[in-house]
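Peer 1: One structure coming up, written as structure tokens, with questions to follow.
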Ligand code: IMP
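Numbering (the numbering used here), first residue to last: 10 to 434.
Next up, the structure:
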């Protein structure tokens, strides 16, 4: 009976997909606990690349059962597209292997339209959302007006609910945002078909997971986004609308904390962020370009160029704090090859003071300047390293310093996108 949680320790895009995929080999069940198709998880298997947005990465192992948890917001159209794409590549996505929590909320076309309209109306203060309807869907959930996946059990009643909801939201779209109304009848018909297809996948996933744990199964809880995008603990309002932290895993899956045996924080060896918001260690120079180009820092979901900078150990310590991380998975260490010296932010200066704690206040964080520590870089290509001792001395020292600053060990170190390009310690 073990449950491992994989959590993004930064602003998302840490390489959770690869780490989850690796850990899924030794799991029986992989469950996503939050977010929606704003996430993009890339898994490379034998030269084949799979880009997953909703379906847990564990789907690529035939022995694993995958769960979309109740904390998620699910766009049925995108879920079915992803399932069809996987099926066309020979992956079994039958109801026996892919369960959808009846409690998950659905993303409907009006959520997407409202996400875009709200971003446009914010003008220069836009958050840079993925425009997937995430915020408006979670807002409906909190306002108790959302439509849950379980309603798809009765496709014709569901279609009527969708039709009525589109008509209501059209008021907002047309009157507040001056947009064209969405076609209610057409959308209701389309979503009725989705309901027929998805109904067999619906389940009480909390019971399923807890029974699986009691039966001795190994559960892997797959996070999306990252700690610094958490609605409460992130850099509000430049956050997503869900809880990518450990509490989100428990609420999003309906589990008690006693099941958790490992809480793994995934962090890149440097820092990236996509969308707006403060980023103290951001680099706007050639070193930043190196990180973006060598690290292929373009969004899986939106294709946007990510912002990049030096590793922020103040933020990393904060991720250890709010999640109770037991260990780190350090990714993309290979990308740093050729940069010398390397820098890590170990504190900030803000309003004339030195801060060693992360201020979870976006306005204050925007005034913070990083205090850097310099470390030696390395020239070697480390992508073939499979053991810690295969790494050059400077790379070993860089990892050791991160462990010291974070206060937890880096048990996995990734040196390339392929499954086997990983050092397990
Ligand atoms: P939303 O989740 O689409 O509402 O976007 C809110 C913020 O979270 C934006 O800054 C997005 O760029 C960011 N975001 C959402 N999902 C991800 C992700 O999977 N990786 C990185 N950033 C994300």
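Cβ coordinates follow ideal geometry from the N, Cα and C atoms, glycine included.
Alpha carbon to alpha carbon, how far is residue 402 from residue 51?
Peer 2: 30 Å
Peer 1: Taking only the alpha-carbon atoms, compute the straight-line gap between residue 430 and residue 423 and give it to the nearest angstrom.
Peer 2: Linking residue 430 to residue 423 through their CA atoms gives a straight-line distance of about 6 Å.
Peer 1: Heavy atom of ligand 1 less than 7 Å from the Cβ of residue 227, yes or no?
Peer 2: no
Peer 1: Any idea if residue 41 is buried or exposed, counting beta-carbon neighbours within 10 angstroms, 16 or more meaning buried?
Peer 2: That one is buried.
Peer 1: Take residue 376 and list the residues in its own chain whose beta-carbon comes closer than 6 Å to its own, dropping the five residues that flank it on each side.
Peer 2: 359
Peer 1: Determine the direct distance from the alpha carbon of residue 353 to that of residue 320, and round the result to whole angstroms.
Peer 2: 5 Å
Peer 1: On the premise that residue 124 lies in contact with residue 144, defined as a C-beta separation below 8 Å, what is that separation, rounded to the nearest angstrom?
Peer 2: 6 Å
Peer 1: Compare the Cα-Cα distances from residue 161 to each of 111, 192, 214 and report the closest residue.
Peer 2: Closest by alpha carbon: 111.
Peer 1: Tell whether a beta-carbon distance below 8 Å holds between residue 517 and residue 245.
Peer 2: Given a span of 10 to 434 for the chain in the structure shown, any question on residue 517 remains unanswerable.
Peer 1: Give me the DSSP bridge partner(s) of residue 277.
Peer 2: 340
Peer 1: Is there a Cβ of chain C sitting closer than 8 Å to that of residue 252, yes or no?
Peer 2: No chain C appears in the structure shown, which is made up of a single protein chain.
Peer 1: By a C-beta neighbour count over all protein chains shown, 10 Å radius and 16 as the cutoff for buried, is residue 26 buried or exposed?
Peer 2: Within a 10 Å sphere around the beta-carbon of residue 26 sit 16 or more other beta-carbons, which makes this residue buried.
Peer 1: Alpha carbon to alpha carbon, how far is residue 177 from residue 336? Give it in angstroms, no decimals.
Peer 2: Going by the C-alpha atoms only, they are around 47 Å apart.
Peer 1: Report the residue ranges of all beta strand (DSSP E) runs contained in full by the segment 355-388; include only those spanning at least 3 residues, in chain order.
Peer 2: 362-364, 378-384
Peer 1: Considering Cα atoms alone, identify which of 369, 180, 135, 260 is closest to residue 285.
Peer 2: 135
Peer 1: Let me know the secondary structure DSSP gives residue 64 once reduced to three states.
Peer 2: coil
Peer 1: By alpha-carbon positions, which one of 126, 231, 333 ends up nearest to residue 184?
Peer 2: 126
Peer 1: What's the gap between the Cα of residue 130 and the Cα of residue 395?
Peer 2: 50 Å
Peer 1: Heavy atom of ligand 1 less than 7 Å from the Cβ of residue 248, yes or no?
Peer 2: yes
Peer 1: Using 8 Å as the cut-off, can you tell me whether the segment 315-330 makes contact with the segment 406-417, which would need three or more C-beta pairs spanning the two stretches below that distance?
Peer 2: For the pair of segments examined, the segment 315-330 was found to touch the segment 406-417: the number of CB pairs separated by less than 8 Å reaches three.
Peer 1: Compute the Euclidean distance between the alpha carbons of residue 310 and residue 63, then round it to the nearest angstrom.
Peer 2: Here the alpha carbons of residue 63 and residue 310 stand approximately 11 Å from one another.
Peer 1: Confirm the yes/no value for this check: CB of residue 399, any heavy atom of ligand 1, distance under 7 Å.
Peer 2: no
Peer 1: To which residues of the same chain is residue 56 closer than 6 Å at the C-beta, ignoring the five residues directly before and after it?
Peer 2: none
Peer 1: In terms of residues, what are the limits of the alpha helix (DSSP H) holding residue 17?
Peer 2: For residue 17, no alpha helix (DSSP H) run applies; the uninterrupted beta strand (DSSP E) run containing it begins and ends at 11-17, by DSSP.
Peer 1: Using a Cβ distance threshold of 8 Å, determine whether the segment 373-388 contacts the segment 293-310, with at least three qualifying pairs required.
Peer 2: no
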